[in-house]
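Following the numbering used here, the numbering of the sequence shown begins with 45 at its first residue and continues without gaps.
Beta carbons: idealized from backbone N, C-alpha and C, even for Gly.
Quick caveat: nothing in here was measured; it's all calculated off a predicted structure.
Here's the structure, in structure tokens; my notes come after.
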Amino acid sequence: MTTTTPSPSSTAASDSQSDSPSRVMKLGSVGGDWLDQRVAGAGFVKFFARKIFPDHWSFMFGEVALYSFVILLISGTFLTMFFDPTMEEVIYNGPYEPMQGMHMSRAFESTLEISFEVKGGLLFRQMHHWAALVFMVAIFVHMFRVFFTGAFRKPRELNWLVGFTLMVLGMVAGFSGYSLPDDVLSGNGLRIADGLSKSMPLVGTYISFFLFGGEFPGTQIIPRLFTIHILLVPAAILGLIAIHLVLLVLHKHTQYPGPGRTDRNVVGYPLFPVYTAKAGGFFFLVFGVITLIAATTSINAVWVYGPYDPSPVSAGSQPDWYMLFTDGGLRLIPGWESTIFGYVFSWNMLIPMMFYGAMLSFLALYPFLEAWVTGDDREHHVLDLPYNTPVRTGLGVAWIMTYIILVLAAANDLLAIAVHLSINDLTWLYRIAFFVVPPLSFWVTKRLCLSIQRHKRDLALHGVETSRVVRTETGEMLEIHEPLNEFDRWVLVQHDDYRPLQAGNGVSSLRAKATSFFFKDRIEPVTPAELRAALEHAGHEKHKIDRLTGGDYRTPAEKQHH
Numbered sequence: 045m046t047t048t049t050p051s052p053s054s055t056a057a058s059d060s061q062s063d064s065p066s067r068v069m070k071l072g073s074v075g076g077d078w079l080d081q082r083v084a085g086a087g088f089v090k091f092f093a094r095k096i097f098p099d100h101w102s103f104m105f106g107e108v109a110l111y112s113f114v115i116l117l118i119s120g121t122f123l124t125m126f127f128d129p130t131m132e133e134v135i136y137n138g139p140y141e142p143m144q145g146m147h148m149s150r151a152f153e154s155t156l157e158i159s160f161e162v163k164g165g166l167l168f169r170q171m172h173h174w175a176a177l178v179f180m181v182a183i184f185v186h187m188f189r190v191f192f193t194g195a196f197r198k199p200r201e202l203n204w205l206v207g208f209t210l211m212v213l214g215m216v217a218g219f220s221g222y223s224l225p226d227d228v229l230s231g232n233g234l235r236i237a238d239g240l241s242k243s244m245p246l247v248g249t250y251i252s253f254f255l256f257g258g259e260f261p262g263t264q265i266i267p268r269l270f271t272i273h274i275l276l277v278p279a280a281i282l283g284l285i286a287i288h289l290v291l292l293v294l295h296k297h298t299q300y301p302g303p304g305r306t307d308r309n310v311v312g313y314p315l316f317p318v319y320t321a322k323a324g325g326f327f328f329l330v331f332g333v334i335t336l337i338a339a340t341t342s343i344n345a346v347w348v349y350g351p352y353d354p355s356p357v358s359a360g361s362q363p364d365w366y367m368l369f370t371d372g373g374l375r376l377i378p379g380w381e382s383t384i385f386g387y388v389f390s391w392n393m394l395i396p397m398m399f400y401g402a403m404l405s406f407l408a409l410y411p412f413l414e415a416w417v418t419g420d421d422r423e424h425h426v427l428d429l430p431y432n433t434p435v436r437t438g439l440g441v442a443w444i445m446t447y448i449i450l451v452l453a454a455a456n457d458l459l460a461i462a463v464h465l466s467i468n469d470l471t472w473l474y475r476i477a478f479f480v481v482p483p484l485s486f487w488v489t490k491r492l493c494l495s496i497q498r499h500k501r502d503l504a505l506h507g508v509e510t511s512r513v514v515r516t517e518t519g520e521m522l523e524i525h526e527p528l529n530e531f532d533r534w535v536l537v538q539h540d541d542y543r544p545l546q547a548g549n550g551v552s553s554l555r556a557k558a559t560s561f562f563f564k565d566r567i568e569p570v571t572p573a574e575l576r577a578a579l580e581h582a583g584h585e586k587h588k589i590d591r592l593t594g595g596d597y598r599t600p601a602e603k604q605h606h
């Protein structure tokens, strides 16, 4: 047996190693106390750490949008260091041989340098583009989650407008961003923007000259779009995100109806440590997925398109999906124009632009329209279930169907080739669908919501049908129902009930007609008296069934099997 006695030097070393963490903690506490005495942040941190947030998978789309924007900032900062936003004409002499000797702008040449010469440049370009697409998808889905569940109601109308403005700014950021490489695809988009500006009576030509610094394509549009893309729009988005999050904390997060959830509380988990850990992990998950897509799936391969030349217009050119609806309307409308007082009015441009404005304005102003119709001035923190608001859900589906038809119309040339149909036949199909499908989808959605309401009403009163029938001595057939628990039943009966109003007594005829449109077709909610009667009847039936079966609800086959 050998005994080893530690030397004094080794003992001192181990003691110093064990003391180092405690010294670091002491230094940290001293530093934190010093900082708190000057900025008084302890109370602020405690407030946020204890802030309760509800938990539901649909709330994650807002987080996806936020994390995608962070990725946009990171990748955009990298790209800004190498991109040259000038339209000076140069002759390409880089490593991409098919374009050697071609005349192009310096902006397009620097895009090729980023793609082929800067290490990681192509990956960052594709991460930036894919993150922009994910950002817009997440915003759209998040907006319609808010719309269908009524999360825009008081006190969140202002936050709805903030979110709507973020959606519009995302479109502006996308358009200004994919126009920067000065390739054929982006140039065609700018040509459409030039045509839209010139179609405005009286001032159109002046607007075009101001934007492009002269006759299209000019020499100023890329530098100006670059300033808008990297400075103005990101600053506005950052400011609005900050306002959005402050209002979110100020108003409390909405929650779906459930046990113990009311307009006066929030049922969920604290920000720290639960949501802090979840948010951190979710950010890296979004970052990893976008990076994986960018590394394996090519997008916006500008070297395939070539530098922009105003003379050719290639077929099959479409903008990113969130801007497709603007192109679809232009393709559907006939080439109408008229001359009034010597000025040409291009209705094939003006009517789609007015419709786009009306379409977006409806989405922005809907919370105020619904508040005026219902006259409801209460604060709402518990969300609606979409089937309990048939008209709102129907209007949202009709809006989405209109958007989808315009998106499909923007790809009519590609679809005509894919399905071997005439492009004229497809255009007429979309024209008819534009007027038929949205109202039809509104009616179908409304009827489905009313049917679901009726089913849920029966479910709350009678419970779940088990498809098991018992026959009494007198031949009466009784079906066994499994009653709902009180929490599930409460979810089905807790929603608000609105009725049409009559004109007079301070109610205008316009508002009376609006309430009739919203609430004429309705399913009466379960009243307390109906619920008591249903429960008493169910108890009486259960007593009769138990007397016949002895409380054993198994079928004869099941009894024989066991």
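- prompt: Any chance the stretch 523 to 542 sits against the stretch 284 to 304, with 3 or more Cβ pairs inside 8 Å?
  reply: A contact exists between the stretch 523 to 542 and the stretch 284 to 304.
task: Rounded to whole angstroms, what's the CA-CA distance from Thr46 to Ala323? Just pull it up for me.
output: For Thr46, the predicted model reports a pLDDT of 49, less than 50, meaning its position is unreliable; a value from the coordinates is still stated below. Answer to the nearest angstrom: the Cα atoms are 54 Å apart.
message: For a quick check, are the C-beta atoms of Ile274 and Thr124 less than 8 Å apart?
response: Result yes, Cβ atoms of Ile274 and Thr124 sit closer than 8 Å.
task: Note down, in chain order, each residue of its chain lying with its Cβ closer than 7 Å to the Cβ of His173, except the 5 sequence neighbours on either side.
output: The residues are Ile343, Asn344.
task: Helix, strand or coil for Tyr410, going by three-state DSSP, please let me know.
output: Helix at Tyr410.
- request: Could you tell me whether the stretch 179 to 193 touches the stretch 94 to 109, where touching means 3 or more Cβ pairs closer than 8 Å?
  value: Counting Cβ pairs under 8 Å, three or more are found: they touch.
query: Out of curiosity, what's the CA-to-CA distance linking Pro225 and Val346?
result: Their backbone Cα atoms lie some 8 Å apart in a straight line.
- request: Closer than 7 Å by C-beta to Ala56: which residues in its own chain qualify, once you throw out the five before and the five after it? Chain order, please.
  value: Reliability of the predicted coordinates at Ala56 is poor, the pLDDT of 49 falling under 50, and no value is obtained from them.
query: Considering only the beta carbon of each residue, do Gln299 and Pro98 sit closer than 8 Å?
result: With respect to the 8 Å criterion, Gln299 and Pro98 are classified as neighbours on the basis of their beta carbons.
- prompt: For Arg422, which residues of its own chain have a beta-carbon under 8 Å away from its beta-carbon, when the five flanking residues on both sides are left out?
  reply: Excluding the 5 residues flanking it on each side, Arg422 has same chain C-beta neighbours closer than 8 Å at Lys198, Asp307, in chain order.
- prompt: Who are the Cβ neighbours of Val277 in its own chain at under 6 Å, not counting the five residues just before and after it?
  reply: The beta carbon of Val277 sits closer than 6 Å to the beta carbons of Leu213, Val216, Ala217 from its chain, once the five residues preceding and following it are set aside; these are given in chain order.
- request: Within its chain, find whatever has a CB closer than 7 Å to the CB of Thr209; leave out the 5 residues flanking it on each side and keep chain order.
  value: Contacts found: Leu284.
Inter-residue spacing [alpha-carbon to alpha-carbon] between Ala109 and Ala279: Here the alpha carbons of Ala279 and Ala109 stand approximately 16 Å from one another.
field: Neighbour-count burial assignment, Glu517, 16 or more Cβ in a 10 Å radius
entry: Exposed, by the Cβ-count rule.
- prompt: Would DSSP call Gly262 helix, strand or coil?
  reply: Look at Gly262 here: in three-state DSSP terms it is coil, with no helix or strand label.
message: Along the chain, where does the alpha helix (DSSP H) containing Met171 start, and where does it finish?
response: Counting along the chain, Met171 sits inside the alpha helix (DSSP H) bounded by residues 165 to 193.
- prompt: Going by DSSP, which residues form a beta bridge with Asp353?
  reply: Beta-bridge pairing by DSSP links Asp353 to no other residue.
task: Consult DSSP for Ser223 and reduce its assignment to one of helix, strand or coil.
output: Note: Ser223 maps to coil in three-state DSSP.
- prompt: Could you give the distance in angstroms between the alpha-carbon of Phe270 and the alpha-carbon of Ser230?
  reply: Inter-residue distance for Phe270 and Ser230 is about 13 Å (C-alpha atoms, whole angstroms).
message: Is it buried or exposed, Glu381, if we count other Cβ atoms within 10 angstroms and call 16 or more buried?
response: It is exposed - the Cβ of Glu381 has fewer than 16 other Cβ atoms within 10 Å.
message: According to DSSP, simplified to helix, strand and coil, what is Arg515?
response: DSSP places Arg515 within a strand segment (E or B) once states are collapsed to three.
message: Assuming Ser495 is part of the alpha helix (DSSP H), what are its boundary residues?
response: Element bounds for Ser495: 467 to 506.
query: Would the beta-carbon of Leu407 fall within 8 Å of that of Trp365?
result: With a cutoff of 8 Å on beta-carbon distance, Leu407 and Trp365 are scored as not near each other.
field: Nonlocal neighbours in the same chain, by C-beta distance under 8 Å from Tyr400, ignoring five residues either side
entry: Closer than 8 Å at Cβ, skipping near neighbours: Phe369, Thr370, Gly373.
message: For the stretch 575 to 589 against the stretch 504 to 511, do three or more pairs of beta-carbon atoms, one drawn from each stretch, fall closer than 8 Å, so that the two count as touching?
response: With contact defined as three or more Cβ pairs closer than 8 Å, the stretch 575 to 589 and the stretch 504 to 511 are in contact.
message: On the criterion of 16 or more Cβ atoms from any shown chain inside 10 Å, does Tyr387 qualify as buried, or is it exposed?
response: Around the beta-carbon of Tyr387, fewer than 16 other beta-carbon atoms lie within 10 Å, marking it exposed.
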